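A.B. asks: Take this structure, written in structure tokens, and hold onto it; I'll ask about it next.
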Amino acid sequence: MCKSCYHCGEEVPVNTNFCVHILEEDRDMCCPGCESVAQTIVDSGLVSYYQYRTAPAEKADLVPEQLKALIHYDNEDIQGEFVRSQENEKEVTLSIEGVSCAACAWLIEKRMATEPGMMSIRVNTTTNRALLKWDSTQSKLSTLLSAIHELGYKAAPFEADKQEAAYHQTMKQYLYRLGIAGLATMQVMMLAVALYLEVFGSLEPEFKSYFRWVSLIFATPVLLYSALPFYLNAWRSIKGRTLGMDVPVSIALIFAYVASLVATVTEQGEVFFESISMFTFFLLVGRYLEMRARRKAAAASGNLLKLIPAIAIKLDGEQIPVKSLQVGDQVRVLPGEHIPADGLVLKGRIHVDESMLTGESLPVVKHQHDTVYAGTLNGDEAFDLEVRSSKADSMISSIVRLQDEAQLSKPKIAEIADIVARYFVAIILVIAALTWFYWHQSKPDDAFWIMLSVLVATCPCALSLATPTAITCSSSRMGSLGILSRRGHVFETLCKVNHLIVDKTGTLTHGDIEISKTILFADYSEAVVLSLAASLESHANHPIARAFKVYNDKVPSCGTDTQVSQVENVIGSGLTGQWNNTQIKIGNAQFVLGQADDAQNTVYLSIDGQHIASFNYRDPIRKEAKDFIEKMHVAGIKTTLLTGDTLTNAEPVAEEIGITSIVASASPSDKLAFLNSVDANDVTLMIGDGINDAPTLAGAHLSVAMGGGTDVAKASADLVLLSDRLDRLLAARKLAIQTRKIIRENLAWSLGYNLLILPLAVAGLVAPYIAVVGMSASSIIVVSNSLRLLKEDQ
Numbered sequence: 000m001c002k003s004c005y006h007c008g009e010e011v012p013v014n015t016n017f018c019v020h021i022l023e024e025d026r027d028m029c030c031p032g033c034e035s036v037a038q039t040i041v042d043s044g045l046v047s048y049y050q051y052r053t054a055p056a057e058k059a060d061l062v063p064e065q066l067k068a069l070i071h072y073d074n075e076d077i078q079g080e081f082v083r084s085q086e087n088e089k090e091v092t093l094s095i096e097g098v099s100c101a102a103c104a105w106l107i108e109k110r111m112a113t114e115p116g117m118m119s120i121r122v123n124t125t126t127n128r129a130l131l132k133w134d135s136t137q138s139k140l141s142t143l144l145s146a147i148h149e150l151g152y153k154a155a156p157f158e159a160d161k162q163e164a165a166y167h168q169t170m171k172q173y174l175y176r177l178g179i180a181g182l183a184t185m186q187v188m189m190l191a192v193a194l195y196l197e198v199f200g201s202l203e204p205e206f207k208s209y210f211r212w213v214s215l216i217f218a219t220p221v222l223l224y225s226a227l228p229f230y231l232n233a234w235r236s237i238k239g240r241t242l243g244m245d246v247p248v249s250i251a252l253i254f255a256y257v258a259s260l261v262a263t264v265t266e267q268g269e270v271f272f273e274s275i276s277m278f279t280f281f282l283l284v285g286r287y288l289e290m291r292a293r294r295k296a297a298a299a300s301g302n303l304l305k306l307i308p309a310i311a312i313k314l315d316g317e318q319i320p321v322k323s324l325q326v327g328d329q330v331r332v333l334p335g336e337h338i339p340a341d342g343l344v345l346k347g348r349i350h351v352d353e354s355m356l357t358g359e360s361l362p363v364v365k366h367q368h369d370t371v372y373a374g375t376l377n378g379d380e381a382f383d384l385e386v387r388s389s390k391a392d393s394m395i396s397s398i399v400r401l402q403d404e405a406q407l408s409k410p411k412i413a414e415i416a417d418i419v420a421r422y423f424v425a426i427i428l429v430i431a432a433l434t435w436f437y438w439h440q441s442k443p444d445d446a447f448w449i450m451l452s453v454l455v456a457t458c459p460c461a462l463s464l465a466t467p468t469a470i471t472c473s474s475s476r477m478g479s480l481g482i483l484s485r486r487g488h489v490f491e492t493l494c495k496v497n498h499l500i501v502d503k504t505g506t507l508t509h510g511d512i513e514i515s516k517t518i519l520f521a522d523y524s525e526a527v528v529l530s531l532a533a534s535l536e537s538h539a540n541h542p543i544a545r546a547f548k549v550y551n552d553k554v555p556s557c558g559t560d561t562q563v564s565q566v567e568n569v570i571g572s573g574l575t576g577q578w579n580n581t582q583i584k585i586g587n588a589q590f591v592l593g594q595a596d597d598a599q600n601t602v603y604l605s606i607d608g609q610h611i612a613s614f615n616y617r618d619p620i621r622k623e624a625k626d627f628i629e630k631m632h633v634a635g636i637k638t639t640l641l642t643g644d645t646l647t648n649a650e651p652v653a654e655e656i657g658i659t660s661i662v663a664s665a666s667p668s669d670k671l672a673f674l675n676s677v678d679a680n681d682v683t684l685m686i687g688d689g690i691n692d693a694p695t696l697a698g699a700h701l702s703v704a705m706g707g708g709t710d711v712a713k714a715s716a717d718l719v720l721l722s723d724r725l726d727r728l729l730a731a732r733k734l735a736i737q738t739r740k741i742i743r744e745n746l747a748w749s750l751g752y753n754l755l756i757l758p759l760a761v762a763g764l765v766a767p768y769i770a771v772v773g774m775s776a777s778s779i780i781v782v783s784n785s786l787r788l789l790k791e792d793q
């Protein structure tokens with residue numbers, strides 16, 4: 000007897016043994032493809048597909064649509080666009096639909112922590128995004144997304160355009176629900192006036208019953224359709240064994256409707272159809288306005304990704320999607336177009352508007368082999384670009400990702416507020432039950448609506464929104480200042496800083512160093528010693544090393560080979576290598592000559608210990624440096640200049656900008672030792688740019704890396720100053736203080752409101768519609784107060 004494939008219905012070939020355990024039985028499969036797909040369906044928790052399907056799957060369409068969309072995300076080529084990988088560890092930013100409060104985020108994080116291969120997931124309720132990290136050897140992305148879907152939330156890799164489309168679709172549905180609730184409220188209220196005030200005189204019982212039935216008809220679609228988002232959120236919370244903000248709201252609505260339905264059928268007792276309709280309408284208005292405000296707060300970083308064009312033009316004229324670009328591809332960027340990918344300018348001299356990265360309005364001049372970034376705006380000249388990174392690894396994607404990480408890192412005060420909010424819901428349910436029991440004994444007719452007011456008025460939505468909305472707005476504002484926040488504690492710590500530790504070269508000075516004079520001490524030409532120095536310094540990335548870049552690979556007229564081998568970089572001192580079987584060194588006097596008397600702004604070159612040449616260099620001080628230090632002193636912040644340069648070079652800079660405390664000739668270990676030796680009450684802010692600053696940046700309470708600094712420094716810092724303008728840190732500190740103030744105001748308002756409204760509601764002094772207005776207004780006030788942080792002038 001022939002057997003049919005349980006998945007597709009085709010005949011199972013003889014002598015095959017493809018089988019999957021589905022719905023408590025082993026099911027035969029016709030091929031490895033059907034077996035693999037069926038097993039994936041089962042493993043993803045979508046086995047109900049087989050229960051409810053009306054026909055077998057076709058060979059060409061083996062997977063149900065919901066799962067197929069998720070399985071596509073396991074494709075390596077597709078993942079290349081949005082997944083960041085480091086060996087087996089993978090990371091992706093997700094958009095999540097349906098998240099409405101802190102309890103939703105807590106539920107997702109708690110449930111996902113049990114998944115195999117899960118490393119971490121953090122959900123931001125303001126931006127509706129999550130940062131997911133997993134071990135690719137233990138789990139697939141589609142499996143993890145399926146687990147989120149099982150909770151009732153939709154999750155997919157974050158794409159700005161798709162999230163915006165989903166947002167507009169959600170808002171459209173809210174408007175439909177609002178319209179129905181608003182129309183029903185008007186009709187039911189007219190009937191309620193007739194019922195309660197009897198404006199038409201004494202009503203006959205049959206007319207009262209008629210009005211109640213009509214009110215029931217109008218209120219039913221409000222309860223079943225308009226209020227549906229509240230039930231879905233409540234069900235997700237209950238299914239996850241937690242209590243979200245919409246649990247008391249849903250209980251209040253359902254109880255009121257059931258009580259009113261019973262009163263209408265039995266013609267005994269009071270009805271609350273007008274309260275149900277008005278309650279839902281005001282709740283939806285509040286939720287709609289709240290979502291719009293939260294969207295405004297979240298849009299700034301997501302909008303950056305929209306600056307990357309969808310189409311790129313290759314040198315042969317072929318148009319291809321930007322997401323298909325590979326490292327090494329060459330494309331042409333036309334005048335006035337946004338640059339499609341991070342890469343190198345192949346030829347020409349162009350002007351690029353990088354204001355979206357740095358906040359600087361003036362275009363930046365770029366030459367051949369200079370780096371340009373995706374999303375920045377080309378000027379008036381077309382140029383050719385060689386792609387050096389994928390969209391997922393681009394600077395602009397890194398900025399969005401790091402902003403999301405900073406927003407996801409909750410301050411302690413936010414974590415406490417989330418815990419309080421969760422327990423507060425349980426306490427409110429108990430208080431509401433006790434309130435009903437008390438009033439049922441003394442005034443049974445009023446007991447229900449008093450309980451209803453308690454459930455609604457005290458919902459802690461505002462408490463959960465108080466901190467995350469402020470942090471999200473501040474992070475967006477920080478980005479517009481040309482400052483990239485990489486840690487969540489930035490705003491807390493920046494307010495407390497009382498000791499500024501700052502590097503010199505490339506930080507207080509431009510770091511755009513040039514060789515001003517070459518002094519010869521042996522029988523070598525200037526061209527030879529400059530080429531030797533450039534060959535050595537090409538192995539370093541310090542600002543002084545970059546000053547020799549223009550002399551690199553220039554063969555002197557005498558034809559001498561100046562290539563140096565076996566180069567070793569002695570951080571904080573200089574470089575050494577081999578040239579013509581001799582040891583060659585470049586760096587400070589102690590390292591090169593064994594002497595401690597360095598001349599100002601000078602580096603030295605020696606061959607086998609013989610002093611060959613000295614190079615004088617100049618590095619102009621940043622014009623805003625003096626004002627920056629002065630304002631730090633006015634704010635009561637003491638300052639230390641901590642530099643690897645000599646005291647001779649450091650003193651003139653310190654004197655000009657007003658720093659009296661100097662630690663010079665410091666190696667990376669010396670810098671870290673100094674940081675560890677500062678007063679225990681000091682909250683330190685370290686600003687640096689070089690590899691030698693990395694340990695100190697990592698060890699300080701708060702650290703800032705200059706945007707033109709090394710990648711190691713940026714990786715160690717809490718903030719990256721993309722614009723390289725020190726005065727932007729003054730604005731950042733002002734923003735941090737304002738953020739702390741806003742958070743405190745939000746928490747004071749939300750806690751104060753709940754503490755005030757609770758006894759009034761329990762005492763029966765708050766009508767249900769007043770409770771709805773108060774709860775919605777408290778959430779809108781908190782979000783609107785946070786939106787003040789987006790304004791440029793605080």
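Residue numbers (numbering that gives the first Met the number 0): 0 to 793. Just so it is clear, CB atoms sit at the ideal spot from N, CA and C, and this is done for glycine as well. Small disclaimer: the values here were computed from a predicted structure and weren't measured.
Might you give, ordered along the chain, the residues of its own chain that have their beta carbon closer than 7 Å to the beta carbon of Leu-510, omitting 5 neighbours on each side?
C.D. replies: In the sequence on display, residue 510 carries Gly and not Leu. Thr-504, Pro-542, Asp-618, Asp-688 and Gly-707, listed in sequence order.
A.B. asks: Can you tell me whether Trp-212 is buried or exposed, with buried defined as 16 or more other CB within 10 angstroms of its CB?
C.D. replies: exposed
A.B. asks: Quick check: the Cα distance between His-148 and Ala-154, rounded to an integer number of angstroms?
C.D. replies: 7 Å
A.B. asks: Helix, strand or coil for Tyr-603, going by three-state DSSP, please let me know.
C.D. replies: The answer is strand: DSSP assigns Tyr-603 an E or B state.
A.B. asks: Roughly how many angstroms lie between the CA atoms of Phe-210 and Gln-267, to the nearest whole one?
C.D. replies: Near 14 Å, if we compare the C-alpha coordinates of Gln-267 and Phe-210.
A.B. asks: Please classify Val-13 as buried or exposed, where buried requires at least 16 neighbouring CB atoms within 10 angstroms.
C.D. replies: Val-13 counts as exposed, since fewer than 16 other C-beta atoms from the protein chains shown sit within 10 angstroms of its C-beta.
A.B. asks: Roughly how many angstroms lie between the CA atoms of Arg-621 and Leu-507, to the nearest whole one?
C.D. replies: 6 Å
A.B. asks: When burial is assigned at 16 or more other CB atoms within 10 Å of the CB, is Leu-433 buried or exposed?
C.D. replies: Residue environment for Leu-433: exposed (fewer than 16 other C-beta atoms within 10 angstroms of its C-beta).
A.B. asks: Using three-state DSSP, classify Leu-720 as helix, strand or coil.
C.D. replies: Leu-720: strand per DSSP, three-state reduction.
A.B. asks: Does DSSP put His-488 in a helix, a strand or coil?
C.D. replies: coil
A.B. asks: What number of angstroms, rounded off, separates the C-alpha of Phe-423 from the C-alpha of Thr-457?
C.D. replies: 9 Å
A.B. asks: For the pair the segment 673-686 and the segment 491-500, tell me if three or more CB-CB distances fall below 8 Å.
C.D. replies: yes
A.B. asks: What did DSSP end up calling Asp-444 once you bin it into helix, strand or coil?
C.D. replies: helix
A.B. asks: Classify Val-569: buried if its beta carbon has 16 or more other beta carbons within 10 angstroms, exposed otherwise.
C.D. replies: exposed
A.B. asks: Just to confirm my understanding: we take Tyr-224, look at its own chain, exclude 5 residues before and 5 after, and list those with CB closer than 7 Å. What are they?
C.D. replies: These residues qualify, in order along the chain: Arg-176 and Ile-179.
A.B. asks: I need the DSSP call for His-509, collapsed to helix, strand or coil.
C.D. replies: coil
A.B. asks: Can you grab the Cα-Cα spacing for the pair Met-118 / Leu-130, in whole Å?
C.D. replies: 11 Å
A.B. asks: Could you pull the start and end residues of the alpha helix (DSSP H) that Tyr-752 belongs to?
C.D. replies: 726-761
A.B. asks: Below 8 Å on the Cβ atoms is my guess for Ile-427 versus Pro-247; work out the distance and round it to an integer in Å.
C.D. replies: Indeed they touch by this definition, with Cβ atoms about 6 Å apart.
A.B. asks: Taking 8 Å as the cut-off, does the segment 377-388 touch the segment 324-333 (at least 3 CB pairs, one atom from each stretch)?
C.D. replies: As far as the Cβ criterion goes, the segment 324-333 touches the segment 377-388, which means the pair count is three or higher.
A.B. asks: Please list, in chain order, all residues of the same chain as Tyr-49 whose beta carbon is under 7 Å from its beta carbon, the five residues on each side excluded.
C.D. replies: Ile-21 and Leu-22
A.B. asks: Determine the burial state of Ala-112: buried for a count of at least 16 other Cβ atoms within 10 Å of its Cβ, exposed for fewer.
C.D. replies: exposed
A.B. asks: On the three-state DSSP scale, how would you describe Cys-4?
C.D. replies: coil
A.B. asks: Compare the C-alpha of Leu-574 against each of Ile-216, Ser-537, Tyr-5 and Ile-658 and name the closest.
C.D. replies: Ser-537
A.B. asks: Could you name the residues of the same chain whose beta carbon sits closer than 7 Å to that of Leu-519, not counting the 5 residues immediately before and after it, in chain order?
C.D. replies: Glu-525, Val-528 and Ala-612
A.B. asks: Would you mind reading off the limits of the alpha helix (DSSP H) that contains Ala-544?
C.D. replies: 542-546 is the extent of the alpha helix (DSSP H) around Ala-544.
A.B. asks: Does Lys-109 pass the burial test, meaning 16 or more other C-beta atoms within 10 Å, or should it be called exposed?
C.D. replies: Only exposed fits Lys-109, as fewer than 16 other CB atoms lie within 10 angstroms of its CB.
A.B. asks: Would you tell me roughly how many angstroms separate the C-alpha atoms of His-368 and Lys-548, rounded to the nearest one?
C.D. replies: Looking at the two C-alpha atoms, the distance is approximately 13 Å.
A.B. asks: Run through the DSSP bridge pairs and tell me what Gly-571 is partnered with.
C.D. replies: Gly-571 pairs with nothing; no bridge assigned.
A.B. asks: Which residues does DSSP pair with Glu-96 in a beta bridge?
C.D. replies: In the DSSP assignment, Glu-96 forms a beta bridge with Lys-153.
A.B. asks: Please report the straight-line C-alpha distance between Lys-390 and Val-321, rounded to a whole angstrom.
C.D. replies: 8 Å
A.B. asks: Go through its chain and collect everything with a Cβ distance to Val-363's Cβ below 6 Å, but skip five positions before and after it.
C.D. replies: Val-351 and Glu-353
A.B. asks: From Ile-756 to Leu-721, what does the alpha carbon distance come to, in whole angstroms?
C.D. replies: 47 Å
A.B. asks: Val-429 and Leu-462 - do their beta-carbons sit closer together than 8 Å?
C.D. replies: no
A.B. asks: For Gly-97 and Ile-780, what's the separation of their Cα atoms in angstroms?
C.D. replies: 22 Å
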